[in-house]
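Colleague: First to last, the protein sequences are chains X and C. If you use our numbering, the first sequence corresponds to residues 172 to 542, in order. If you use our numbering, the second sequence corresponds to residues -14 to 307, in order. Think of the CB as a built atom: it goes at the ideal place given N, C-alpha and C, for glycine as much as any other residue. Quick caveat: nothing in here was measured; it's all calculated off a predicted structure.
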Amino acid sequence: MANPEKTFRAGVLSVVKHDYLPRAVAAHPRFELLVVADDADQPDWVHERNQHFADEFGIPYVRDVAKAIAEHDLDLAAVSSEAERHCDLAVRAADAGLHVIADKPMSTRLSECDQLVEAVQRNNIKFLLWNRNYLPALIQAKEVVQSGAIGELHAIHVDFYFSKDAGPPKGARQPGDLPINWLERQIEAHADGSDGGVGIEAMGELQIEGIYPLGYIRMLTGADVRRVFACTATHFHQANVDNNVDDLATVSLELDNGIVGSLCIGRIGAASHPDIGEIKIHAIGSRGGIVITEARPEVSIHYRDQPPLEFKNKRIANENDFLLMDDFARALDTGCEPILNARGGRDIAATVFAAIESGKTGQPVEVTPLK
Amino acid sequence: MSRETFPDPNAADKPKMIRLALIGASGAAEAYGAIQTRLHSASWAVFAPLNDNDSPAGQALGQATTTKSTEALFTEQANDFDAVVIDANPSQAASLAKAATTLGKPTLVGQLPGGLDVLGQAEALLMPAHTWRFLPSIQAVKRSIDAGKLGEPCLLRIHRWLPPESTPESIAERILPDTDLACWMFGGAPEKVWTLQSAANPDYIQFHLGFANDGMAMIDIAGSLPAGDSYFSLSMIGGTGAAYADDHHNMNLLYSGGQPNALRTNQGHADLTGQLQEFVDAISEEREAAVTLADTSRAAAVAAQVIESAQTKQVTEGKECN
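(1) With a threshold of 8 Å between beta carbons, is Asp199 of chain C in contact with chain X?
(2) I believe Ala420 of chain X touches Ala401 of chain X by the beta-carbon criterion, under 8 Å. Please report the beta-carbon distance rounded to the nearest angstrom.
(3) Around the Cβ of Ile472 of chain X, are there at least 16 other Cβ atoms within 10 angstroms (buried) or fewer (exposed)?
(4) So which residues of chain C does Phe400 of chain X contact, with C-beta pairs closer than 9 Å?
(5) Could you check where the alpha helix (DSSP H) with Asp246 of chain X kicks off and where it finishes?
(6) In chain C, what lies closer than 9 Å to His199 of chain X by C-beta?
(7) Within the 8 Å Cβ cut-off, does Pro153 of chain C reach chain X?
(8) How big is the Cα-Cα spacing for Pro339 of chain X and Ser28 of chain C?
(9) Can you find a C-beta in chain C that's less than 8 Å from the C-beta of Tyr332 of chain X?
(10) Near Ser457 of chain X, which residues of its chain fall below 7 Å by C-beta distance, leaving aside the five closest residues on each side in sequence?
(11) What residues in the region 444 to 475 of chain X have a beta carbon less than 8 Å from any beta carbon of chain C?
(12) Could you have a look at Ala254 of chain X and say whether DSSP puts it in helix, strand or coil?
(13) Between the alpha carbons of Gln378 of chain X and Gly432 of chain X, how many angstroms are there, rounded?
(14) Can you list the residues of chain C that Gln534 of chain X reaches, using a CB-CB cut of under 7 Å?
(15) Apply the 10 Å Cβ neighbour rule to Gly259 of chain C and answer buried if 16 or more other Cβ atoms are within range, or exposed otherwise.
(16) What is the rounded straight-line gap between the Cα of Tyr189 of chain C and the Cα of Ala79 of chain C?
(17) Using a Cβ-Cβ cut-off of 8 Å, state whether Ser318 of chain X counts as contacting chain C.
(18) Run down chain X in chain order and give the residues with a C-beta less than 7 Å from the C-beta of Leu210 of chain C.
(19) Among residues of its own chain, excluding the 5 on either side of Ala82 of chain C, which ones have a beta-carbon nearer than 7 Å to its beta-carbon?
(20) What is the C-beta distance between Lys192 of chain X and Asp274 of chain X, in whole angstroms, given that I count them as a contact (C-beta under 8 Å)?
(21) Beta-carbon of Tyr216 of chain C versus every beta-carbon of chain X: anything under 8 Å?
(22) With DSSP as the reference, identify every bridge partner of Leu194 of chain C, one or two as the case may be.
(23) Specify the secondary structure class of Ile430 of chain X as computed by DSSP and reduced to three states.
(24) Would a check of beta-carbon distances place Leu238 of chain C closer than 8 Å to chain X?
(25) Spatial neighbours of Met(-14) of chain C within its chain, please: C-beta separation below 6 Å, excluding the five flanking residues on both sides.
(26) Mapping the DSSP letters down to three states, classify Gly12 of chain C as helix, strand or coil.
(27) Go through the region 233 to 280 of chain C residue by residue and report every complete run of the alpha helix (DSSP H) that reaches 4 residues or more, in order.
(28) Among the candidates X:Arg397, X:Val422 and X:Arg344, whose CA atom is the shortest distance from the CA of Asn414 of chain X?
(29) Taking just the CA atoms, how far does Thr279 of chain X sit from His408 of chain X?
(30) Can you list, in chain order, the residues of its chain with a C-beta nearer than 7 Å to that of Ala45 of chain C? Leave out the 5 residues immediately preceding and following it.
(31) In terms of residue numbering, what span does the alpha helix (DSSP H) encompassing Cys326 of chain C cover?
(32) Distance check for Val206 of chain X and Asn174 of chain X, CA to CA, integer angstroms please.
(33) Mind checking if Gly381 of chain X is an interface residue toward chain C, Cβ cutoff 8 Å exclusive?
(34) Are Leu181 of chain C and Ile20 of chain C touching if we call contact CB-CB under 8 Å?
(35) What is the DSSP secondary structure of Arg486 of chain X, reduced to helix, strand or coil?
(36) Find the residues of chain X that neighbour Met203 of chain C, judging by a C-beta separation of less than 7 Å, and give them in chain order.
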């Protein structure tokens, strides 16, 4: 019988971007952060960020992942590296017998996601892919759908537009200018937390953020996506143009149980919304429909000389991060699955990769099933 | 031209009053009667009811006389009006419009069927009724695009959910307004069309339109809401800005026990007013109307491609409308 009083010992395997994941681990009473660790051969900027986080929490930073795991008797690893290293660090942690919480996206390669699923199963550990399914509006959406108020779900749509800038706007590059280096741009973006795509491999918005809206769809429908038709484009940011990755995408979805849907996602620029962006869920069922604004509840705050880019509407009562950790503690205590496990994360990644391919070919693409 | 500003009624160069004839049922007479005081440079002269039962409704049009039939309108009373407004179902609208334009009468006509060949070459100004374009919310979005505030249109997203009583029977009629909005906002026909329908819900359809310069439209239309009000949301994401015309945003609350009800704030008859004034102004200014048969043809052609894609389950390459 699991001990509900047990405090799980956590290590952070790299924390180079927005650090909400390890902070959420630290903030929950069932978890204790003990160490930050990373591979020694990482570049200086990685070590600097790891050290900075470790210093803030008064914990050691060890430039040797295996050593940190061995010396600190860890129960779990919180992985918040660049996306291209998520799976490698997660698999190593799983093979060391640690449960894993990993930031999104799961990986830049579907094959690595498959390896991670296999590692989770092989080692019989729990894996949670970070998500937003415990936002208050999503909890409400789930309650409404599950109550049967709109009947059997027929179609679901998510609009997911972040109104953030990402460096110079499209068209800013002058003759003779070098293309924007993706990693350098993302390192710059760390200052305002817009560095979700940090890494050597450039990623489009569909890949960086697609897990969130696809996570909503997965949770609300309980269905897998089988086929997609997507269009991807670069409309807003020079960095995306220079690195040939999308900043706007539309994806038509065909799911199990005859459900259809769509995702429209983009990083559309700070000028294009008064707040963080337009994020909405529309769902149609046999008995009605529901329209949910993901940002609510929120409070509006306006004042003289308010900085133009400061959001006027602030989210409140957002316990997503705490509830995700609650969810993971419950999984560790009882053996149940977390709200978004390795298999679910892998299937979402497969949907994203299928959409990217569809965007290139201009044809519908079947989502690759897990072998 | 903005439909929210009006010319000075005392101006010396004001255009002559245009005498309008209305062909329609009682609902049309009441709706147009309700906006007649907002109309400039035109007034109702004759009402031709589609059915005898609708005759009394002509009183809503003020000083207008009521003729006994459309045939009488085009024969005995042909000199009593300058232009015609037709509000009839698709099976009647085209033939009535043909009769009117043959007489040389400028005509505003709704609803036109997809096949517009019956109209031939109009002998007078012919403006199809695309009332959906004249909603104040849609006009505000379009003006923002035209003023360059949003930059190049990148993504148009529409959700339109209808209860059964508001849902046209034919899929083509159902999707025509939104294929027209998409073509209008992107300034042309799509190059690519992909459609999905719900196996469980035949009254649901969603389609993607791919436009030049990587423009995209994603539209879903459901005719399966429970009886009651409808829902409409339109977002236009442009290269340098965005516009959101969303029923969700425009809801007020009614508390009458239990959970509150959401009440959509009404845009009134502004769409009808704007469309009719545009028709009148086009006549006065001797120019093409803001909506032409080419617009209807284009939207109908795209609607046909949407249906084709649904049936073939293939991406349909767009065809330019001549």
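Modeller: From the atom records:
(1) yes
(2) 6 Å
(3) exposed
(4) Trp179, Leu181, His193 and Val300
(5) Asp246 of chain X -> no alpha helix (DSSP H), and no H or E assigned at all.
(6) By Cβ distance, chain C contributes nothing, its closest Cβ being about 33 Å from His199 of chain X, past 9 Å.
(7) no
(8) 55 Å
(9) yes
(10) Gly322, Glu323 and His325
(11) His444, Glu449, Lys451, His453, Ile455, Ser457, Arg458, Gly459, Gly460, Val462 and Thr464
(12) helix
(13) 18 Å
(14) Val300
(15) buried
(16) 28 Å
(17) no
(18) Gly459 and Gly460
(19) Ile71, Thr92, Val94, Leu104 and Leu111
(20) For the record, residue 192 of chain X in the displayed sequence is Leu; it is not Lys. About 5 Å separates the two Cβ atoms, so the contact holds.
(21) yes
(22) C:Val178 and C:Ala202
(23) coil
(24) no
(25) Residue placement at Met(-14) of chain C cannot be trusted, given a pLDDT of 49 that sits under 50; what the coordinates show is reported in the next sentence. Around Met(-14) of chain C: no qualifying Cβ.
(26) helix
(27) 255 to 269
(28) X:Arg344
(29) 21 Å
(30) Ala14, Glu15 and Gly18
(31) Any question about residue 326 of chain C goes unanswered here, given that chain C covers just -14 to 307.
(32) 23 Å
(33) no
(34) no
(35) strand
(36) Thr421, Ser433 and Cys435
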